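> Sequential numbering of the sequence shown, starting at 5, is according to the numbering used here.
Think of the CB as a built atom: it goes at the ideal place given N, C-alpha and C, for glycine as much as any other residue.
Quick caveat: nothing in here was measured; it's all calculated off a predicted structure.
Here it is: the structure, laid out below.
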Amino acid sequence: MIARIARKEMVEMFRDGRFHLAAGIIGVLLLASLAAGWKQYADLKTQHETAQRAERANWLGQKPKNPHQGAHYGVYAFKPKSQLSMVDTGVDPYVGVAVYLEAHKQNEFKFRPAQDASTSIQRFGELTAATVLQLLIPLLIVLLTFSAFAGEREQGTMRQVLSLGIGRGRLAAGKALGVAGALAVVLVPATLVGVGTLAFTSTTGLLAVDVSRTLLMVGTYGAYFAIFLALSLAISALARSSRFALVALLAFWIVNGLVATRAFSDLAGYLHPTPSEVEFDKALQADLANSTALNARLEQIKQGLFQKYGVQKLDALPVNFRGISLQEAEDHGYTIFEKHYGDVFDSFDGQNAVYQWGSLAAPLLAVRSLSMGLAGTDFAHHRHFTTAAEDYRRTIIRYMNQDILVHPVKDGEEYLAGSDLWQKVPPFEYEAPSASWALGHYITSTVLLSGWLAATLLAAFVAANRIEA
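Right, here's the structure in full:
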């Protein structure tokens, strides 16, 4: 009986020209956004790989020079694009894609796509598959279901249906299945196109697809659509008229998609403020300029070396003290960078926590957090890459300073390193964290989204059993 009801609902929807128009527009937008996302992913992936190889070649091709000059020569590290960024670009357009690694400095990221975008895109945001899935698909669900029960009640057909002995629960399940089937006509082809495109354009085929992240993302959006479907059926079952049901559902859609996101973003920024770029740089430079502790540490090390080797002059040491002083200066800077950048990053994490708790009011906030996290385009992944890049910068500097240390020179002499030293530095290789790591940052969103799903399903069940003719 449920299947028969679902088939009837689907047939009626497919006969409705309004469904063809709405589904067609949304389907085209979804496919277009996926195509644009894939092109951006493919282009940036190629550009980053080419640039990374060029950076490695430039590093290895350095002429003989002092290792400290090599440390200042530096390299660029390019953040790789995740496969699912073609669905959800997250914060990537705003945080930059490359960072310059050099001695004494932990530089900011460069090349932010949002800065290069047109004014209209900066103001309204670019259309991505995530935008379509988070805003337009729920709107389509609302338009398909607001009259599911209220409309039949107004037309007088509900009494006839119930008189046939059809259970209210089965009727609701059949209608839900019918709407889900209609949505599948739009979503399944787009999903297959997205996965197929990734697999086809990769040298490793389906092995290129991160199955766990993809399945978790599909599950996240599936739960989100189920929430809207269950809520829409519940309101349609309880509403006095289809017009009231439509107004109520559109009001929820607006609050969920437009009001709550801005409100909780502002609240998060208020509760966990971050300094301006000027304020941050001023505080950072002030701490770096305070070298009292560093000078005391260097003097202690110097006197210890004099005592150990029984000498009184630096050029009499069997090691190059400059290598020690340079590394100590770097270590001193590391603690300062970690404090200042750590404070800012912790503020962003605090903002993210507030935003996730906003899911109590709007399920979209949970979906956005999970979507970006699973796509690898959230701030947690950016921080993970930032840490990896900074670790690599410190590795380069350590190789350079260690080489200076083991090559003592007399006054007026200069030590020059060659290709052997440049080759000792391994190439930068970044490994993205696992799906479980990503999901671990969004326990709150996962729990609250599950709560929304359970609550709306329960509401739909209760409302369906209270349907009156």
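DSSP state of Ala467, grouped into three classes?
Here residue 467 is taken as the residue at index 463 of the sequence shown, counted from 1. The answer is helix: DSSP assigns Ala467 an H, G or I state.
> With contact counted as at least three CB pairs below 8 angstroms, one residue from each stretch, are the segment 323-330 and the segment 409-419 in contact?
These segments touch.
> If you reduce the DSSP assignment to three classes, tell me which class Gln110 lands in.
Residue 110 sits at position 106 when you count from the first residue of the sequence shown. DSSP places Gln110 in strand when its eight states are reduced to three.
> Any chance you could list the alpha helix (DSSP H) runs of at least 4 consecutive residues sitting entirely within the segment 358-406, in chain order?
367-379
> Alpha carbon to alpha carbon, how far is Asn260 from Ile328? Give it in angstroms, no decimals.
Residue mapping note: residue 328 aligns to position 324 of the sequence shown, counting from 1. Residue mapping note: residue 260 aligns to position 256 of the sequence shown, counting from 1. Looking at the two C-alpha atoms, the distance is approximately 57 angstroms.
> Count the other CB atoms, across all protein chains shown, that sit within 10 Å of the CB of Arg217; report buried if there are 16 or more and exposed otherwise.
On the sequence shown, position 213 is the one that residue 217 refers to. Looking at its Cβ environment, which holds 16 or more other Cβ atoms inside 10 Å, Arg217 is buried.
> Can you give me the Cβ contacts of Gly31 inside the same chain, cut-off strictly under 6 angstroms, excluding the 5 residues immediately before and after it?
Counting from 1 along the sequence shown, the entry for residue 31 is found at position 27. The answer, listed in chain order, is Val190.
> In or out: Leu140 buried (at least 16 other Cβ within 10 Å) or exposed?
Here residue 140 corresponds to residue number 136 of the sequence shown, with the count starting at 1. Note on Leu140: 16 or more other CB atoms within 10 angstroms of its CB, so buried under the neighbour-count rule.
> Starting from Phe82 and walking both ways along the beta strand (DSSP E), at which residues does that stretch end?
Along the sequence shown, read from residue 1 onward, the residue named residue 82 stands at position 78. Run containing Phe82: Val79 to Phe82, per the beta strand (DSSP E) assignment.
> If I measure Cβ to Cβ from Leu147 and keep anything under 7 angstroms in the same chain, skipping five residues before and after, which residues do I get?
The residue labelled residue 147 in the question sits at position 143 within the sequence shown. The answer, listed in chain order, is Ala26.
> Please state the DSSP three-state secondary structure of Ala228.
Here the question's residue 228 lines up with position 224 in the sequence shown. One detail in the question is off: residue 228 reads as Tyr in this sequence, not Ala. It is helical.
> Exposed or buried, which one is Ile29 when buried takes at least 16 other CB atoms within 10 Å?
Here residue 29 refers to the residue found at position 25 of the sequence shown. Ile29 is exposed by the Cβ-count criterion.
> When DSSP labels each residue in this structure, what does Tyr338 get in the three-state scheme?
For the purposes of this step, residue 338 is taken as the residue at position 334 of the sequence shown. Residue state, collapsed to three classes: helix.
> Here's the rule: buried if 16 or more other CB atoms are within 10 angstroms of the residue's CB, otherwise exposed. What is Arg3?
Since the displayed the chain opens at 5 and closes at 473, residue 3 lies outside it and no answer follows.
> Please confirm if the segment 365-382 is in contact with the segment 309-318, defined as three or more CB-CB distances below 8 angstroms between the two stretches.
No, the segment 365-382 is not in contact with the segment 309-318.
> Report yes if the C-beta distance between Glu53 and His76 is below 8 angstroms; otherwise report no.
Looking up residue 53 in the sequence shown gives position 49. Looking up residue 76 in the sequence shown gives position 72. Contact: no.
> Quick one, are the C-beta atoms of Ile145 and Leu187 less than 8 angstroms apart?
In the sequence shown, counting from the first residue as 1, residue 145 sits at position 141. In the sequence shown, counting from the first residue as 1, residue 187 sits at position 183. Yes, Cβ-Cβ distance for Ile145 and Leu187 is below 8 angstroms.
> Where does Ala186 sit, in a helix, a strand or coil, going by DSSP?
Start at 1 with the first residue of the sequence shown, and residue 186 comes out as number 182. Reduced to three states, the DSSP call for Ala186 is helix.
> By the DSSP assignment, the alpha helix (DSSP H) with Arg60 in it spans what residues?
Along the sequence shown, one-based indexing puts residue 60 at 56. Note, Arg60: alpha helix (DSSP H), Gly21 to Leu64.
> With H, G and I counted as helix, E and B as strand and the rest as coil, what does DSSP make of Tyr98?
Residue 98 sits at position 94 when you count from the first residue of the sequence shown. Correct three-state label for Tyr98: helix.
> Apply the 10 Å Cβ neighbour rule to Pro71 and answer buried if 16 or more other Cβ atoms are within range, or exposed otherwise.
By 1-based counting over the sequence shown, the position of residue 71 is 67. The residue in question, Pro71, is buried, as its Cβ has 16 or more Cβ neighbours within 10 Å.
> By DSSP, does Tyr434 sit in helix, in strand, or in coil?
By 1-based counting over the sequence shown, the position of residue 434 is 430. DSSP places Tyr434 in coil when its eight states are reduced to three.
> Could you spell out the range, first to last residue, of the alpha helix (DSSP H) harbouring Val282?
Counted from its first residue, the sequence shown places residue 282 at position 278. Glu281 to Ala293 is the extent of the alpha helix (DSSP H) around Val282.
> Taking the C-alpha atoms as reference points, what is the distance between Gln331 and Lys69?
One-based indexing of the sequence shown puts residue 331 at position 327. One-based indexing of the sequence shown puts residue 69 at position 65. Straight-line Cα distance between these residues: approximately 18 angstroms.
> Apart from the five residues on each side of it in sequence, which residues of its chain come closer than 7 angstroms, Cβ to Cβ, to Pro431?
Position 427 of the sequence shown, counted from the start, is the residue given in the question as residue 431. Counting only Cβ-Cβ distances below 7 angstroms, and skipping sequence neighbours, we find Arg60.
> To the nearest angstrom, how far is it from the Cα of Val429 to the Cα of Ser375?
Counting from one through the sequence shown, the residue named residue 429 turns up at place 425. Counting from one through the sequence shown, the residue named residue 375 turns up at place 371. Their Cα atoms are separated by approximately 36 angstroms.
> For Lys85, which option in Gly380, Ala458, Leu453 and Thr391 has the closest C-alpha, if you only look at C-alpha atoms?
Residue mapping note: residue 85 aligns to position 81 of the sequence shown, counting from 1. Checked all of Gly380, Ala458, Leu453 and Thr391; the closest Cα to Lys85 is Gly380.
> Quick one: give me the first and last residue of the alpha helix (DSSP H) that Gly416 is part of.
Counting from 1 along the sequence shown, the entry for residue 416 is found at position 412. Note, Gly416: premise wrong, no alpha helix (DSSP H); not H, not E.
> Do you know offhand how far Ala133's Cα is from Ala194's?
Against the sequence shown, residue 133 aligns to sequence position 129. Against the sequence shown, residue 194 aligns to sequence position 190. Cα to Cα, Ala133 sits roughly 10 angstroms from Ala194.
> Let's test the definition: count the other Cβ atoms within 10 Å of the Cβ of Gln289 and tell me whether it reaches 16, buried, or not, exposed.
The residue given as residue 289 occupies position 285 in the sequence shown. Counting Cβ neighbours within 10 Å, Gln289 comes out exposed, since fewer than 16 surround it.
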